[in-house]
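What follows is a short report on a single structure.
Number of protein chains: 2
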Amino acid sequence: MIEIEVKAFVEDPKQMERWIIELGATPIGIESQADTYYNAPYRDFGKTDEALRIRVQDGKSILTYKGPKMDSVSKTRKEVQTQIQDIDNMGQILSSLGFFPVSTVSKKRKNFRMGDFTISLDEVRNLGNFIEVEISVKDQKNYQEKVESIFRFIAKLGLKRESTIRKSYLEMILEKNEIDICSPTVE
Amino acid sequence: MIEIEVKAFVEDPKQMERWIIELGATPIGIESQADTYYNAPYRDFGKTDEALRIRVQDGKSILTYKGPKMDSVSKTRKEVQTQIQDIDNMGQILSSLGFFPVSTVSKKRKNFRMGDFTISLDEVRNLGNFIEVEISVKDQKNYQEKVESIFRFIAKLGLKRESTIRKSYLEMILEKNEIDICSPTVE
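Protein chains in written order, with the working numbering: chain A, 11 to 197; chain B, 11 to 197.
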């Protein structure tokens, strides 16, 4: 699958939730997600813009691979995943193969559905609140149109194309930690 | 887990099954297994004596990592596995990470239980009939004793320690194909 995705920072998540619902979105559930990201022994996913992740969500474990971003405006990527039964053993298999955990991103996610869109309001630990709007498609056909339809939707929420974020939560957390480590307060 | 394992070629599987049952083993089921083995883009599992496998068995899919053999007499290895829900996506994740399928081993396996032993009579496509006797343990404690207990058991079946096989079915199939490819009949 290809995940066409746009993300933006949200100042007031309660206000944003009201706006989304006013625009016609239906709440479809709240999830707690803890995502552990791995890097590879043979290429640096930070440089290749790939991701390998084990997500724990409501007692289920999911292994996900994300390919590099496919354009210069959105977070569109190839995304493949499968549920796995034994998370400890999956971690051991990855470690045995030389993959190593980089960081864990924990968040509470409220999901909404509106037509083709899946809208998520994320409260990310140590990062803040965000909105992600996503469309899943099988191939790249008409995908630029779909990216534009997401930008038109978020414009209705007062979010500008220029203010969207192409970095992943993992990248943001790694950057934040680096800044924290280097900041004068730590000295 | 550590899988302590001894394998031998079986000339007459029906006779062998009678002997196993006479020695007190209980039949615990028949399975059809199709094992696809992958190699890594960054080290050759053929050289490092590791294995990464997706097994399809009775509609279930299992991802398994096997470490190098731990001694010079048996097939004892570290083995870690987890069931996976979506085999196609697991294959796609492995491919995206650069792993590539090497060969598929298909077999019909009859399982028996006798004390600590799991005994399998395998009918392997394009290879023939084999017996595998296995004990699973959590750590290496007393593991040499357990290897010896397996050798004592197979001696009762007329199988000598020297006649046991340390090669995996995958290695045997790859060797066989190489011989076939190089044999004069193919010219």
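All C-beta atoms in this analysis are idealised placements derived from N, C-alpha and C, irrespective of residue type, glycine included.
Asked                                                                                                                                                                                                    : Found
Which residues does DSSP pair with B/Asn-152 in a beta bridge?                                                                                                                                           : DSSP output for B/Asn-152 lists no bridge partner at all.
Please tell me whether A/Ile-160 and B/Thr-92 are closer than 8 angstroms, where the distance is taken between their beta carbons.                                                                       : no
If we count the other Cβ atoms within 10 Å of its Cβ and call it buried at 16 or more, is B/Asp-132 buried or exposed?                                                                                   : buried
Check whether the segment 107-123 of chain B touches the segment 22-37 of chain B, counting contact only when three or more Cβ pairs, one atom from each stretch, lie closer than 8 angstroms.           : yes
Starting from A/Ser-106, find everything on chain B with Cβ-Cβ shorter than 7 angstroms and list it in chain order.                                                                                      : Tyr-75, Gly-77, Val-90
Quick check on A/Ser-173: does DSSP put it in helix, strand or coil?                                                                                                                                     : helix
Under 8 angstroms, do A/Ile-141 and A/Thr-86 count as touching if we go by C-beta distance?                                                                                                              : no
Inspect the CB distances between the segment 102-113 of chain B and the segment 46-63 of chain B and report whether three or more fall short of 8 angstroms.                                             : yes
Answer yes or no: does any C-beta atom of chain A fall closer than 8 angstroms to that of B/Tyr-52?                                                                                                      : yes
In this structure, how does DSSP classify A/Cys-192 when only helix, strand and coil are distinguished?                                                                                                  : Unreliable positioning characterises A/Cys-192 in this predicted model, as indicated by a pLDDT of 42, which lies under 50. A coordinate reading is not provided.
Please go through the same chain and pick out, in chain order, the residues whose beta-carbon is closer than 6 angstroms to the beta-carbon of A/Ser-130, but skip the five residues on each side of it. : Arg-119, Asn-121, Glu-142
Using 8 angstroms as the limit for Cβ to Cβ distance, is B/Leu-180 near chain A?                                                                                                                         : no
Assuming contact is defined by CB atoms lying nearer than 8 angstroms, are B/Leu-137 and B/Met-26 in contact in what I supplied?                                                                         : no
Listed in chain order, which residues of the segment 126-145 of chain B have Cβ atoms closer than 9 angstroms to some Cβ of chain A?                                                                     : none
By a C-beta neighbour count over all protein chains shown, 10 Å radius and 16 as the cutoff for buried, is A/Lys-24 buried or exposed?                                                                   : exposed
Mind checking if B/Ile-12 is an interface residue toward chain A, Cβ cutoff 8 angstroms exclusive?                                                                                                       : no
Can you grab the Cα-Cα spacing for the pair B/Lys-57 / A/Leu-104, in whole Å?                                                                                                                            : 19 angstroms
How many Å lie between B/Ile-12 and A/Glu-89 at the Cα?                                                                                                                                                  : 34 angstroms
Please report how far the alpha carbon of A/Val-115 lies from the alpha carbon of A/Ile-183, in whole angstroms.                                                                                         : 8 angstroms
Distance check for B/Tyr-179 and A/Pro-51, CA to CA, integer angstroms please.                                                                                                                           : 28 angstroms
Spell out whether any CB of chain A is found under 8 angstroms from the CB atom of B/Asp-22.                                                                                                             : no
Taking 8 angstroms as the CB-CB limit, is A/Asn-49 close to chain B?                                                                                                                                     : no
Is there a Cβ from chain A that is less than 8 angstroms from the Cβ of B/Ile-64?                                                                                                                        : no
Taking 8 angstroms as the CB-CB cut-off, is B/Gln-93 touching chain A?                                                                                                                                   : yes
Please list the terminal residues of the continuous beta strand (DSSP E) segment that includes A/Arg-123.                                                                                                : 110-124
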